[in-house]
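In the numbering used here, the protein residues as written are 1176 to 1564.
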């Protein structure tokens, strides 16, 4: 190109993010002509803006492709000649950025109007032109940072909350899945073998979705890892309840279904913290418990009541979260939970294992959603009792 030169950006101070933001490291001399600039902008359609520099490298302003096109179109309509020089095209450095300053030092008023095309001129510590970036570049940059953070958060949560998990303890098969609505979320499935015949299982549903809910579920995960055979369910639940309340002062809560199963005797102790989405295969209705408590984090002094039941032989218990119960498809039909329980029951009657049943149920749920947005995080635990087979 004849006119436009590429500036080697000197924005390599500790604030290196300006290098990532700069999309147009191009400049023209203030003395160059309109015709040469036009020829070069036509030759390279990727150039969206150029800085206008003085002989000493300092910047007078910038010219955007949009302004150049508008000027050319206006001249054509008036059948007037275009100017010889480029001074009439130049916009002043209203948004001047020193590459040594942090991103939050940018003009606040400009940042509040990112829906408009705004160009930021970057200069080095000596005031020399270092490049240009636009409001669109800021949005792309912030989106890339957010996407990167979300991927990291999703990776962390996938270690805490496995998408599909199955194992066996004694005569019991255990399987679970968790499908977050936005990649990360507030559903948490935590199952742990405490001894050779003692199983701890739990499903938590934190209020909300996304990053905030995921942080709370991660906090709960940390507390759950303290569980051991010497800690009672009541003590564990009271600790979680108190931590949530003291942290969020009742502004955030979590429902939960928490249980302890003695695989030798078949006795289950269950604490239902406002969850109540538990089903028994062979029945289309919910598995009613004697005691249901208020959600975690609402009342620091809430009494925690538990229920003890005998696990029915050759049956399975299915625990699910709201994301399954309330999901609708593109035709606004609600997901058929009783039908899902019947299908699970039929699959076990046909001799299928929990691993296959869990996978098939997740596939069926995902297929039901189709192109519809998943409304809430969705999780499930299946515990199958093979005693008597």
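Beta carbons: idealized from backbone N, C-alpha and C, even for Gly.
Does the distance from the CB of residue i to the CB of residue j come in under 7 Å?
i, j, result
"residue 1233", "residue 1268", "no"
"residue 1225", "residue 1193", "no"
"residue 1312", "residue 1198", "yes"
"residue 1471", "residue 1406", "no"
"residue 1431", "residue 1379", "yes"
"residue 1446", "residue 1410", "no"
"residue 1363", "residue 1400", "no"
"residue 1182", "residue 1304", "yes"
"residue 1344", "residue 1382", "no"
"residue 1332", "residue 1359", "yes"
"residue 1473", "residue 1514", "no"
"residue 1196", "residue 1308", "yes"
"residue 1261", "residue 1209", "yes"
"residue 1546", "residue 1505", "yes"
"residue 1562", "residue 1346", "yes"
"residue 1469", "residue 1449", "yes"
"residue 1266", "residue 1236", "yes"
"residue 1408", "residue 1439", "no"
What residue range is occupied by the uninterrupted alpha helix (DSSP H) comprising residue i?
i, result
"residue 1418", "1408-1423"
"residue 1163", "Given a span of 1176 to 1564 for the chain in the structure shown, any question on residue 1163 remains unanswerable."
"residue 1543", "1529-1544"
"residue 1550", "Unbroken run through residue 1550: none, as it is neither H nor E."
"residue 1369", "No alpha helix (DSSP H) contains residue 1369, which DSSP labels as neither H nor E."
"residue 1471", "Element bounds for residue 1471: n/a, residue is neither H nor E."
"residue 1399", "1385-1399"
Taking the beta strand (DSSP E) that residue i belongs to, which residues open and close that run?
i, result
"residue 1348", "1347-1354"
"residue 1226", "1224-1228"
"residue 1445", "1442-1448"
"residue 1484", "1482-1485"
List the DSSP bridge partners of residue i.
i, result
"residue 1559", "1348, 1491"
"residue 1199", "1307"
"residue 1380", "1362, 1430"
"residue 1208", "1260"
"residue 1294", "1309"
"residue 1267", "1236"
"residue 1126", "Here the chain covers residues 1176 to 1564 and nothing more, so residue 1126 does not appear."
"residue 1375", "1367, 1435"
"residue 1338", "According to DSSP, residue 1338 bridges with nothing at all."
"residue 1503", "1509"
"residue 1403", "The partner list for residue 1403 (beta bridge, DSSP) is empty, contrary to what the question assumes."
"residue 1357", "For residue 1357, which the question treats as bridged, DSSP gives no partner whatsoever."
Taking just the CA atoms, how far does residue j sit from residue i?
i, j, result
"residue 1491", "residue 1317", "47 Å"
"residue 1371", "residue 1483", "20 Å"
"residue 1186", "residue 1273", "Reliability of the predicted coordinates at residue 1186 is poor, the pLDDT of 46 falling under 50, and no value is obtained from them."
"residue 1365", "residue 1320", "30 Å"
"residue 1315", "residue 1375", "45 Å"
"residue 1437", "residue 1489", "16 Å"
"residue 1377", "residue 1419", "17 Å"
"residue 1525", "residue 1421", "49 Å"
"residue 1543", "residue 1388", "25 Å"
"residue 1390", "residue 1248", "53 Å"
"residue 1558", "residue 1330", "27 Å"
"residue 1548", "residue 1429", "23 Å"
"residue 1361", "residue 1386", "8 Å"
"residue 1523", "residue 1310", "57 Å"
"residue 1435", "residue 1442", "8 Å"
"residue 1264", "residue 1220", "18 Å"
"residue 1367", "residue 1503", "32 Å"
"residue 1300", "residue 1207", "26 Å"
"residue 1244", "residue 1357", "41 Å"
"residue 1298", "residue 1270", "11 Å"
"residue 1203", "residue 1227", "5 Å"
"residue 1190", "residue 1180", "Caution is warranted here: a pLDDT of 48 is assigned to residue 1190, below 50, making its placement in the model unreliable, and the coordinate value is therefore given only provisionally. Roughly 24 Å between the two C-alpha positions."
"residue 1534", "residue 1466", "31 Å"
"residue 1520", "residue 1536", "12 Å"
"residue 1354", "residue 1508", "20 Å"
"residue 1512", "residue 1538", "14 Å"
"residue 1560", "residue 1516", "15 Å"
"residue 1384", "residue 1550", "10 Å"
"residue 1211", "residue 1302", "26 Å"
"residue 1188", "residue 1306", "Its pLDDT being 43, under 50, residue 1188 is placed unreliably by the model, and nothing is read from it."
"residue 1230", "residue 1334", "57 Å"
"residue 1325", "residue 1485", "42 Å"
Just to confirm, does residue i get its C-beta within under 6 Å of one of the non-hydrogen atoms of the ligand ATP?
i, result
"residue 1306", "The ligand ATP is not part of this structure, which contains no ligands at all."
| Are the stretch 1525-1539 and the stretch 1340-1350 in contact at 8 Å, needing three or more beta carbon pairs? | yes
Would you check if there are 3 or more beta carbon pairs closer than 8 Å linking the stretch 1471-1480 to the stretch 1323-1343? no
**Study point:** At least 3 beta-carbon pairs within less than 8 Å: the stretch 1446-1459 vs the stretch 1393-1406
**Key:** no
**Prompt:** Just checking, does the stretch 1552-1559 make contact with the stretch 1485-1499 on the three C-beta pairs under 8 Å criterion?
**Reply:** yes
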